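Each residue of the sequence shown is one higher than the one before, starting from 5 at the first, in this note's numbering. Right, one structure below, let's go through it.
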Amino acid sequence: MIRAAVHALGPGPLSEQALVDHVHPLFSRALSRSEIYLANHSLGRPLDRTAADVQEALDAWYRDLNGAWDPWVEAITAYRARLAHLINAPRPDSVVPKTSAGQGLRAVLNTFDRPIRVVTTRGEFDSLDFILKVYRQHGRLELVYVEPDAEGRFHVDDLLAAIDQRTDLVVVSQVMFVSGQVVTGLDRLVKGAHAHGAKVLIDLYHAVGAMPVDVAALDTDFAVGGCYKYLRGGTGACYLYVHPRHLDGALTTLDTGWFAKREPFGYQRPEVPLFGEGGDAFLESTPAILPIYQAKAGLELVCELGPSRIRTYSLHQQSILVGALSERGIEARGAREDQGAFVVFSHPRAVEIAKRLMARGVNTDARHTSLRLCPDVANTADELRIAAEKLAETIQSL
């Protein structure tokens with residue numbers, strides 16, 4: 005059904021009418037809500053088929069009991085392949101299923117057998133920032149923070165200036181979660197880090213599904229992300245990408261488990277652990293199965309639509325929203341190549357504005373002083389103009 009719906013759109017740029025006719029029906033349950041949903045950057049709306057996909061996993065369990073592992077393992081393999089396609093990973097096994105981006109970061113941190121020096125930014129999301137601070141508290145690493153400029157934006161040159169021969173790992177987002185800034189020049193950052201003997205981990209959470217991503221071109225050592233937002237896969241469906249140069253068996257992590265064994269269902273127990281081949285060595289204990297099925301429909305839709313078409317349409321929608329806000333005297337940042345999938349309006353009472361908008365039927369959110377509004381393929385231009393009007397009225401009512 006998803007493939008047929010996308011095929012019916014025809015080639016070329018996406019259009020609202022074609023999406024309404026063919027793609028919106030795939031979201032009938034989510035679209036039955038009486039609100040304008042602009043929190044697509046926070047929690048993506050599920051397709052109708054998602055419920056059936058999860059039921060498929062449960063049906064296999066009811067029907068086959070322990071025999072359900074055969075279709076479950078096939079689903080995991082397909083999950084890895086779809087994600088590898090979306091991020092242009094050199095091979096599917098370089099994508100390792102995780103239940104959170106933080107789990108992926110911990111796996112990387114635990115490849116080191118000594119305290120390390122990590123360079124990162126003040127703009128990383130809590131799931132990574134909190135873990136780094138806890139590791140620092142336990143003496144496991146030294147943190148070097150790169151600060152934003154006066155406009156709150158981060159620059160690769162500042163990160164490069166913070167890297168030296170003592171640096172072991174650099175952690176940075178491709179798209180910043182508060183401002184939506186697309187950090188440009190990450191390929192230069194990776195080259196610069198490698199010149200000093202350091203590895204790089206890129207947080208792709210606000211990029212994959214919203215724009216084209218190419219980990220092979222970036223040459224990054226690691227990347228983390230998940231399906232919670234633009235991939236419409238909900239919680240628990242995340243991943244760690246490991247560059248194939250680290251999959252020769254020389255790099256292992258303490259974050260491990262029996263699924264990382266060579267032939268885990270062979271139940272061999274040698275005294276010296278034998279890890280699986282390639283990326284399988286970065287698997288952990290018994291995997292969470294339902295999130296894999298939960299993510300199937302969203303991944304399929306994004307793969308069928310294509311990140312480039314999604315990105316072009318996102319910028320078009322952002323331009324409508326930014327224009328509608330501008331007509332009402334509200335300056336917002338969006339509809340730019342250096343901006344991710346959401347529009348940002350800065351206001352000292354942004355959190356309160358988000359709550360008031362919710363009461364008025366516009367569902368969005370705020371981080372600190374940034375109100376974030378994210379249209380997607382299931383939104384219409386009329387919704388964006390109504391949201392702009394309600395935001396203007398809300399600001400006037402403060």
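Just so you know, even glycine gets a beta-carbon here, dropped at the ideal spot from N, CA and C. Every value quoted in this text rests on a predicted model; they were computed, and no experiment measured them.
At the C-beta level, Val187 and Val176 come within 8 Å of one another. Restricting attention to Val228, Met5 and Gly201, the CA atom closest to the CA of Ala211 is found in Val228. Val348 and Arg337 do touch by the CB rule: their CB atoms are close to 5 Å apart, below 8 Å. With a cutoff of 8 Å on beta-carbon distance, Ala382 and Leu13 are scored as not near each other.
The beta-carbon distance between Ile314 and Ala221, rounded to whole angstroms, is 19 Å. This is too long to meet the 8 Å contact definition. Its chain contains Gly48, Val212, Gly213, Ala299, Gly302, Leu303 and Val306 as the residues whose beta carbon lies nearer than 7 Å to that of Leu235, once the 5 sequence neighbours on both sides are disregarded; these appear in chain order.
Closest in C-alpha terms to Gly283, from the list Thr256, Glu308 and Ser289, comes Thr256.
The three-state secondary structure of Thr124, taken from DSSP, is strand. Counting along the chain, the unbroken beta strand (DSSP E) around Val99 starts and ends at Val99 to Lys102.
If you draw a straight line from the Cα of Leu190 to the Cα of Tyr245, it is about 16 Å long. Across the structure, Ala93 and Cys231 are spaced so that their CA atoms are roughly 16 Å apart. Distance check between Asp225 and each of Phe134, Thr115 and Gln59 places Thr115 closest, using alpha-carbon atoms only. Asp207 places its beta carbon less than 8 Å from that of Leu132.
Across the set Gln322, Ala328 and Tyr66, the C-alpha of Ala328 shows the shortest separation from the C-alpha of Arg389. Annotated three-state conformation of Ser323 is helix, per DSSP.
In this structure, the straight-line span from the alpha carbon of His200 to that of Ile399 is close to 49 Å. Straight-line spacing of the CA atoms in Ala285 and Glu20 works out to 44 Å. Excluding sequence positions up to five before and after Tyr297, its CB lies within less than 8 Å of the CB of Asp57, Val58, Glu60, Ala61 and Ala79, all in the same chain and listed in chain order. Secondary structure of Asn44 (DSSP, three-state): coil. DSSP, reduced to helix, strand and coil, places Ser131 within a helical segment of the structure shown. With fewer than 16 other CB atoms across the displayed protein chains lying within 10 angstroms of its CB, Ala165 is exposed. Within its own chain, the residues whose Cβ lies closer than 7 Å to the Cβ of Ser289, once the five positions on either side in sequence are excluded, are Gly261, Trp262 and Phe263, listed in chain order. A check of alpha carbon separations from Ser32 across His45, Leu51 and Ala55 identifies Leu51 as the nearest. The C-beta distance from Ala391 to Val366 rounds to 5 Å, short enough to meet the 8 Å contact threshold. Membership of Tyr297 in the alpha helix (DSSP H) is indicated by the continuous run Leu294 to Gln298. In summary, His247 is buried, with 16 or more beta-carbon neighbours lying within 10 Å of its beta-carbon over all protein chains present. Here Phe158 is buried: its Cβ has 16 or more other Cβ atoms, across all protein chains shown, within 10 Å. The continuous stretches of alpha helix (DSSP H) do not include Asp225, and DSSP gives it neither H nor E. Less than 8 Å divides the Cβ of Leu113 from the Cβ of Tyr139. DSSP lists Ser177 and Val228 as the beta-bridge partner residues of Asp207.
As DSSP reads the structure, Ala370 sits in a beta bridge with Leu375. Here Glu146 carries a strand assignment [DSSP, helix/strand/coil]. The DSSP assignment places complete alpha helix (DSSP H) segments of no fewer than 4 residues inside the stretch 21-97 at 32-35, 53-68 and 73-91, in order along the chain.
Per DSSP, reduced to three states, the secondary structure at Leu251 is coil, with no helix or strand assignment. In this structure, Val10 lies near Glu308, with their beta-carbon atoms less than 8 Å apart. Cβ contact annotation for Ala358 (same chain, cutoff 7 Å, sequence separation greater than five): Thr368, Asp369, Ala370 and Leu375, in chain order.
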